[in-house]
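**Student:**
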Amino acid sequence: MKKLFGFCFLLLFTISCERDDICPETTITTPRLSVAFYDINIQDEDTAKNVGKCRIQGVGNDAPLSGYEGSSAKNTVLLPLKTTTDNPDGITHTTQYSIIKGYNYNDNGTPDDTSDDIVTGNEDIITITYTTEQQYVSRACGYKTVFNNVRISVENDSDNWIQLTQAVTDNLTIQNELSVHYKIYH
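Residue numbers for the sequence shown follow this note's numbering, beginning at 22 and rising by one.
Here it is as structure tokens:
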């Protein structure tokens, strides 16, 4: 009887256990927008052109995106897109970024006094509009957001360094970040 009770307990214990559902790091989840920079004067689209001291931050944010603090040149960037909308239509989403070329920060030797700090560089504001769609990935990973009909526009100012934006395909859909989605010519 003891053996039967032990066997039943072991059987119930084994049946009640679930395997751990962990989303593998290799699984593609919500992608970021992949943007490459190119020289407007050269028609060689195989060679990206660096943006010197590139700083990128969301409009309305004080901190730059991680990896885009303005300390190095970049020829390709990955931009996260918002998955919530604050537009009245409830469908269209908008994300804005400040991209600064030639970023330089000088605290004038007074790191505690921000009133005399000087920031230089050429800032362009881009606006990204799109719609979203939820796609089931797996039980462990849940859902990912896919971005449809992605468009980038540049705010006009007196000194735009961004000359042209071009999607790699019409009616651009972003399902992963492994390839370039948009080209920015400067």
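Just so you know, even glycine gets a beta-carbon here, dropped at the ideal spot from N, CA and C.
What's the call for V189, buried or exposed, on a 16-neighbour Cβ count within 10 Å?
**Tutor:** The residue you call residue 189 lines up with position 168 of the sequence shown. The residue is exposed, with fewer than 16 neighbouring Cβ atoms inside 10 Å.
**Student:** Compare the beta carbon distance of I195 and V175 with 8 Å and say whether it is the shorter of the two.
**Tutor:** For the purposes of this step, residue 195 is taken as residue 174 along the sequence shown, with counting starting at 1. For the purposes of this step, residue 175 is taken as residue 154 along the sequence shown, with counting starting at 1. Going by C-beta atoms, I195 is not nearer than 8 Å to V175.
**Student:** Pick helix, strand or coil for D137, following the three-state DSSP scheme.
**Tutor:** Residue 137 sits at position 116 when you count from the first residue of the sequence shown. DSSP places D137 in helix when its eight states are reduced to three.
**Student:** Let me know if S87 comes out buried or exposed under the rule of 16 or more other beta-carbons within 10 Å of its beta-carbon.
**Tutor:** The count along the sequence shown starts at 1 and reaches residue 87 at position 66. S87 is exposed by the Cβ-count criterion.
**Student:** Looking only at its own chain, which residues have a Cβ that is under 6 Å from the Cβ of V187, when we skip the five neighbours before and after it?
**Tutor:** By 1-based counting over the sequence shown, the position of residue 187 is 166. In the sequence as displayed, the identity of residue 187 is Gln instead of Val. Only K204 meet the Cβ criterion.
**Student:** For R76, which of helix, strand or coil comes out of DSSP?
**Tutor:** In the sequence shown, counting from the first residue as 1, residue 76 sits at position 55. Three-state DSSP puts R76 in a strand.
**Student:** Under a Cβ-count criterion, where at least 16 other Cβ atoms within 10 Å of its own Cβ denotes burial, should P45 be classed as buried or exposed?
**Tutor:** Counted from its first residue, the sequence shown places residue 45 at position 24. By the neighbour-count rule (16 or more Cβ atoms within 10 Å), P45 is not buried but exposed.
**Student:** Comparing alpha-carbon positions, which option in T135, T150, S119 lies nearest Y126?
**Tutor:** Within the sequence shown, the letter at position 105 stands for residue 126. Measuring from the Cα of Y126, the nearest candidate turns out to be T135.
**Student:** Quick check: what's the CA-CA separation for I173 versus Y206?
**Tutor:** Along the sequence shown, one-based indexing puts residue 173 at 152. Along the sequence shown, one-based indexing puts residue 206 at 185. When rounded, the distance between both Cα atoms is 12 Å.
**Student:** Bridge partners for D145 per DSSP, in chain order?
**Tutor:** The residue given as residue 145 occupies position 124 in the sequence shown. I120.
**Student:** Apart from the five residues on each side of it in sequence, which residues of its chain come closer than 8 Å, Cβ to Cβ, to T104?
**Tutor:** As a position in the sequence shown, residue 104 is number 83, starting the count at 1. If we look at T104 and ignore the five residues flanking it on each side, its Cβ neighbours are T51, H114, T153, T166.
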